[in-house]
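The structure appears below as structure tokens.
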Amino acid sequence: TIHHFRRALFLAMRLLLGCLGLAWLQPGAAVLRELQTEAQALEKLRNDKALSQSCDAEEAGELMKRGWWEATRELVQSSHGSSSLVPLEKVVRREVTQLKQSADELLLALSPQDT
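Each step along the sequence shown adds one to the number in this note's numbering, with nothing skipped, and position 102 is 102.
Written out as structure tokens, the structure is:
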């Protein structure tokens with residue numbers, strides 16, 4: 001699946017960066033993608049305030065797609081006052097718009113169709 005492909009690609013890039021001695025260039029919040037539960041993500045975000053500052057904005061989208069709303073909210077709130085908020089806001093707005101559109105389509109599917 002695409003998720004497995006992304007994960008394999010990420011791990012390959014991480015290995016390559018590590019081999020090149022450039023591990024510090026990796027996005028900090030990529031760590032969140034490897035976690036299994038929202039509770040683990042919340043713990044990382046609450047214990048490492050710098051994590052949200054170095055976070056790739058797309059990480060918020062990944063959290064939202066998993067339904068990890070509390071972790072996403074923690075990431076957004078801890079980004080207030082930093083330069084990472086603007087790209088993060090764009091991703092969150094995009095994902096919320098997509099979610100609303102999908103929910104509206106589902107509601108429309110409940111209505112009888114005119115034939």
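Where a beta carbon is used, it is the ideal one built from N, C-alpha and C, also for glycine.
Considering only their Cβ atoms, is the gap separating L75 from S54 smaller than 8 angstroms?
As a working mapping, residue 54 is identified with position 54 in the sequence shown. As a working mapping, residue 75 is identified with position 75 in the sequence shown. No, Cβ-Cβ distance for S54 and L75 is not below 8 angstroms.
Below 7 angstroms CB to CB, which residues in the same chain sit around E38 once its five sequence neighbours on both sides are set aside?
As a position in the sequence shown, residue 38 is number 38, starting the count at 1. Closer than 7 angstroms at the Cβ level, and outside the excluded window around E38, lie W68, E70, A71.
What number of angstroms, rounded off, separates the C-alpha of D56 from the C-alpha of V92?
One-based indexing of the sequence shown puts residue 56 at position 56. One-based indexing of the sequence shown puts residue 92 at position 92. Taking the straight line from one Cα to the other gives about 12 angstroms.
Quick check on S78: buried or exposed, where buried means 16 or more other Cβ atoms within 10 Å of its Cβ?
The residue labelled residue 78 in the question sits at position 78 within the sequence shown. Classification of S78: buried, given that the 10 Å Cβ count is 16 or more.
Could you tell me how far apart the beta carbons of L99 and L63 are, in whole angstroms, since I believe they sit closer than 8 angstroms?
Translated into positions along the sequence shown, residue 99 becomes position 99. Translated into positions along the sequence shown, residue 63 becomes position 63. Not really, about 13 angstroms apart at Cβ, beyond 8 angstroms.
By a C-beta neighbour count over all protein chains shown, 10 Å radius and 16 as the cutoff for buried, is A60 buried or exposed?
Against the sequence shown, residue 60 aligns to sequence position 60. When all chains shown are included, A60 counts as buried.
Cα separation between N47 and E95?
Position 47 of the sequence shown, counted from the first residue, corresponds to residue 47. Position 95 of the sequence shown, counted from the first residue, corresponds to residue 95. Distance between the alpha carbons of N47 and E95 is about 26 angstroms.
Best match in Q113, R7, R73 for proximity to L45 [C-alpha to C-alpha]:
Within the sequence shown, numbered from 1, the residue matching residue 45 stands at position 45. Closest by alpha carbon: R73.
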